[in-house]
Amino acid sequence: MDVGHVASDPGAPASRRRASVKVTLVLVLLYLFLVGVGLLECGIGHLGSGFTDSLFHGVHNPIVGLLVGILATVLVQSSSATTSTIVGLVAAGVLSVSDAVPMVMGANIGTTVTNTIVSLAHLRQSREFELAFSAATMHDFFNLLAVAILLPLELTTHLLSTLARDVAQLLSGGASGGTFDSPIKGAVGWGVGRVETTLEAIAGHATAMGVLALLTGLLLVFVTLTFITKNMRALVANRIERTLNAALRRSGTVGILVGTVVTMAVQSSSITTSMLIPLVASGILVLRNAYPITLGANVGTTITALLAALATGEVDALTIAVTHTLFNIGAIAIIYPSTRLRYLPVTMAEKLAAMALRRKPLALTYTLGVFVVMPLLGILILR
5 MDVGHVASDP GAPASRRRAS VKVTLVLVLL YLFLVGVGLL ECGIGHLGSG FTDSLFHGVH
65 NPIVGLLVGI LATVLVQSSS ATTSTIVGLV AAGVLSVSDA VPMVMGANIG TTVTNTIVSL
125 AHLRQSREFE LAFSAATMHD FFNLLAVAIL LPLELTTHLL STLARDVAQL LSGGASGGTF
185 DSPIKGAVGW GVGRVETTLE AIAGHATAMG VLALLTGLLL VFVTLTFITK NMRALVANRI
245 ERTLNAALRR SGTVGILVGT VVTMAVQSSS ITTSMLIPLV ASGILVLRNA YPITLGANVG
305 TTITALLAAL ATGEVDALTI AVTHTLFNIG AIAIIYPSTR LRYLPVTMAE KLAAMALRRK
365 PLALTYTLGV FVVMPLLGIL ILR
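Following my numbering, the numbering of the sequence shown begins with 5 at its first residue and continues without gaps.
What follows is the structure, given as structure tokens:
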């Protein structure tokens, strides 16, 4: 029996080696991602206060900050990239925590555009499209409802950011100043220093150096996140499918935990939620069973910004990253236990999908209107 078992799986050692290579590659990419965040901070410092003041003019208005977060995330198709960039800006002193809070909330809304676009692929099959569009937009409606409840609360009481600062100070060893000792920062600082030295040799003056560092940092953040997501998906794809199917037979709380863990593993809420669309469209997954998993994805995606904040060694940067996490946990804690609110996003999504089924151009109008036209017009008018 043992011989037969060994003979039946001759590719196991090679498969383990490939997995080991992928894990090593992910760790290298994660380090380069953190270097990219460090370069953002470095580049902004070289560009000076005049540049940053003009770039972020208007974000003191929380609605503008919210819309900037939505539009930025739609453009880069990654809330992790947006929130990590915001963490870098806060660490550099360009953004205050209070200005950054609406932006990370906007990133939560903007990231749902990916699964909404995925659902449009089912337009030709009426029943599949109705289910797929419902599965996609219930995430939209949940995040919109979360912002509608928690943004006014934060603006009037600063509850989230105050609690986040307490948590950040606890995580940073009780630091009360602007910085804290982080072993991650030391390791990442070495890589930032090497890149900075190279860029200084290329650039002729401080402004050119700032631009080069900023562009290099942005490139590293986006490229490394893309490949981290790709490799992690390859590593855990089969496990994810089994886990999601197992969650169907469990409670909503288990679904939330599954969504959180899966998203932390693949470093992308868009992958988790987009995987649900064809499962719901084909009838494998019931819409209301998929719903808790999308909520967990909101929490899981915040791990990237937390890692980026730890690499900066700045209490404010850690505060905004923790605020993002508390926002998503708080939204679930407020909405999900309430019998009135729990399935409101699902009901709204089902009604919108039924309307879109009768008038299919409405689906495209909704997607462009909510994620592109309205944020862009709002920024132009209010800024």
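We put the CB at the ideal spot given by N, CA and C, even for glycine.
Note that this is a predicted model, so its numbers are computed, not measured.
Since residue i is in the alpha helix (DSSP H), which residue starts that stretch and which ends it?
i	result
residue 295	291-304
residue 173	163-175
residue 287	First-last for residue 287: undefined, no H or E at that position.
residue 265	256-270
residue 65	Looking at the DSSP string, residue 65 is not in any alpha helix (DSSP H), and its letter there is neither H nor E.
residue 371	365-372
residue 209	Element bounds for residue 209: n/a, residue is neither H nor E.
residue 2	Here the chain has residues from 5 to 387 only, and residue 2 is not among them.
residue 116	From DSSP, residue 116 is part of no alpha helix (DSSP H); its letter is neither H nor E.
residue 382	378-386
residue 98	Note, residue 98: premise wrong, no alpha helix (DSSP H); not H, not E.
residue 312	307-316
residue 362	348-362
residue 337	319-339
So, are the CB atoms of residue i and residue j less than 8 Å apart?
i	j	result
residue 91	residue 309	yes
residue 386	residue 65	yes
residue 123	residue 140	yes
residue 160	residue 114	no
residue 216	residue 207	yes
residue 213	residue 203	yes
residue 298	residue 143	yes
residue 273	residue 83	yes
residue 226	residue 80	yes
residue 87	residue 108	yes
With a threshold of 7 Å on Cβ separation, who are the neighbours of residue i within its own chain once the five nearest residues in sequence on each side are excluded?
i	result
residue 307	268
residue 380	75
residue 195	35 and 39
residue 6	Note that residue 6 scores 49 on pLDDT, short of 50, meaning its location in the model is unreliable and no value can be drawn from it.
residue 158	105, 164 and 165
residue 200	46 and 217
Using 8 Å for Cβ pairs, my map puts residue i next to residue j. What's the rounded Cβ distance?
i	j	result
residue 95	residue 318	4 Å
residue 117	residue 375	4 Å
residue 350	residue 311	With 8 Å as the limit, residue 350 and residue 311 do not qualify as a contact, their Cβ atoms being about 32 Å apart.
residue 73	residue 110	2 Å
residue 36	residue 228	5 Å
residue 284	residue 294	5 Å
residue 356	residue 370	7 Å
residue 106	residue 70	4 Å
residue 192	residue 47	That belief does not hold up - the Cβ atoms of residue 192 and residue 47 are roughly 15 Å apart, past 8 Å.
residue 260	residue 296	5 Å
Sorted by chain position, which residues of the same chain lie with C-beta nearer than 6 Å to residue i's C-beta, five sequence neighbours on each side aside?
i	result
residue 44	92 and 221
residue 360	137, 366 and 367
residue 316	95
residue 21	none
residue 342	none
residue 168	323, 326, 327 and 330
residue 8	With a pLDDT of 48 at residue 8, under the threshold of 50, the modelled position of that residue is not reliable, and no figure is offered here.
residue 313	91, 321, 322 and 325
residue 352	145
residue 99	93
Within its chain, find whatever has a CB closer than 8 Å to the CB of residue i; leave out the 5 residues flanking it on each side and keep chain order.
i	result
residue 127	133, 364 and 367
residue 10	Confidence at residue 10 is low in this model, with a pLDDT of 48, below 50, so the placement of that residue is unreliable and no value is reported for it.
residue 278	118, 119 and 122
residue 280	119, 139, 248, 289, 294, 297 and 298
task = Please determine if the stretch 146-154 and the stretch 336-347 are in contact, where contact requires at least 3 C-beta pairs separated by less than 8 Å.
result = Yes, they touch.
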